[in-house]
Amino acid sequence: MRNQSRPSPEELLAELNRPAATSFWKSPSFRLSSVALVMLLLMTFLRSKGPETHSKTAKKISAEHVVLNHIEDYFLRAESFKQEGRLEDALIDYSEILKKDPRSLKALTLRAEAWHLIGKPEKAESDWTAFLNLSPQNLTALNQRGLSRLLLGKYEAARQDFDLALKKNPGLAALWANRGLSWLEEKKWDLAEKDLLKALYLEPDLAEVHFFLGRLALAQKEKNGARRAFDQALRLNPQLAGAYYQRGLLNQGDKHCQAAREDLKQACKLGHSVACKPAPCKENS
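Residues in the sequence shown are numbered consecutively from 19, following my numbering.
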């Protein structure tokens, strides 16, 4: 669905929450945006145990997929699997929890996040929908489902989620940025610019907003404006793979091959797989 010239919203989420041993969704994108994805649910739901107790318990139960007696032990083992980059195993445990407790908002949240990380936004959308059936109007769930829908190309449905979330919290820049991205994906430049400038006003240091504004400038053939926006995005967040990738393409187009190689190499290192196979570049003679 996406091509190399259209970095996806996923790139925004991956940079906020990247598991150590897992490539960024094994795809050039993800940050479904991620954007400043407020993982309020994770902070709210994750149990606050001492690190030493957590570590000992996790080691004890993570060696193999044995049947466990307590739901909390499944959570601990799933977390251990995630730390090892074994997201498929973590998903099995989250599913076991939901068999025992279909109303577990914590399990739905963590499973949806894991689906995102392995590149299955349709599964994540389903889990966020289940969450919203249990907790309607939840701000984070609306934002996250909207991001899943962006990845699936369901732009109007994504905006419906962002609109509901904005009614609840109109001061959250990430929501305006995500809605702006939905307009950007549909090539509705004026509407995209309006929402992105609103996000910029609310939070000038949100790197993803500058990244999206750079993409908007590119779409409008404003190369200098795009370069400035990508530069600023990377000053604010040096881990933003999509900005390195887009700036690398700009440098490549301008025959600044060394700079292009450096940017694309960094994008590749951060998980942007398309950047790992750059087109040949020849310096101007």
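Quick reminder that beta carbons are idealized off the backbone N, C-alpha and C, glycines included.
For residue j and residue i, the rounded distance between their alpha carbons
i      : j      : result
ALA125 : LEU116 : 7 Å
GLU221 : LEU254 : 12 Å
LEU267 : ARG246 : 14 Å
LEU199 : ASP181 : 13 Å
TRP201 : LEU209 : 6 Å
ALA183 : LYS273 : 44 Å
GLN178 : PHE248 : 28 Å
PHE149 : LEU94  : 21 Å
GLY289 : PRO296 : 14 Å
GLN284 : LEU258 : 10 Å
PRO139 : ALA176 : 12 Å
ASP304 : ALA96  : Summary: the structure shown does not reach residue 304, with the chain confined to residues 19 through 303, and so no result is reported for it.
LYS239 : ASN87  : 60 Å
TRP207 : PHE230 : 11 Å
PRO120 : VAL84  : 21 Å
LYS118 : LYS241 : 54 Å
ALA191 : ALA217 : 4 Å
VAL292 : GLN101 : 25 Å
ASP223 : PRO256 : 13 Å
GLY164 : ASP91  : 31 Å
THR127 : PRO188 : 23 Å
LEU215 : CYS299 : 34 Å
Endpoints, alpha helix (DSSP H) assigned at residue i
i      : result
VAL227 : 225-237
LEU209 : 207-220
ALA293 : Where ALA293 is concerned, there is no enclosing alpha helix (DSSP H), given that its DSSP letter is neither H nor E.
GLY284 : The amino acid at residue 284 is misidentified as Gly; the sequence shows Gln. Counting along the chain, the alpha helix (DSSP H) containing GLN284 begins and ends at 275-287.
ASP91  : 89-101
ALA183 : 173-186
ASP249 : 241-254
ARG265 : 259-271
GLU140 : 139-152
GLN307 : Only positions 19 to 303 of the chain appear in the structure, and residue 307 is not among them; the question remains open.
ILE115 : 105-118
ARG129 : 123-135
ALA195 : 191-203
6 Å Cβ shell around residue i - same chain, five flanking residues per side excluded
i      : result
GLU203 : TYR173
CYS294 : CYS286
ASP213 : TRP194, ARG197 and GLY198
ALA159 : TRP146, PHE149 and LEU150
GLN162 : TRP146
LEU236 : ALA244
LYS141 : TRP133
Cβ-based burial, residue i [other Cβ within 10 Å; buried from 16]
i      : result
TYR10  : It is not possible to answer for residue 10, since the shown part of the chain is limited to 19 through 303.
ARG233 : buried
HIS228 : buried
TYR219 : exposed
ASN156 : buried
ARG167 : buried
ARG265 : buried
GLY260 : buried
LEU169 : buried
GLU226 : buried
TYR112 : buried
GLU143 : buried
Heavy atom of the ligand COA within 8 Å of residue i beta-carbon
i      : result
ALA192 : This structure lacks the ligand COA, and indeed carries no ligand of any kind.
Beta-carbon contacts of residue i that lie in its chain and below 7 Å, excluding the five residues immediately before and after
i      : result
ASN269 : ALA277, ALA278 and ASP281
LEU109 : ARG129 and ALA132
GLU211 : LEU234
LYS186 : GLN155 and LEU157
THR75  : With a pLDDT of only 46 at THR75, under the threshold of 50, the placement of this residue in the model should not be trusted, and no figure is reported.
GLU301 : LYS273 and CYS275
GLU114 : TYR92
9 Å Cβ cutoff, residue i in contact with chain D
i      : result
ALA259 : As a matter of chain content, chain D is missing from the structure shown, which is built from one protein chain.
Close beta carbons around residue i, own chain, < 8 Å, minus the five adjacent residues each side
i      : result
LEU252 : ALA225, LEU258, ALA261, TYR262 and ARG265
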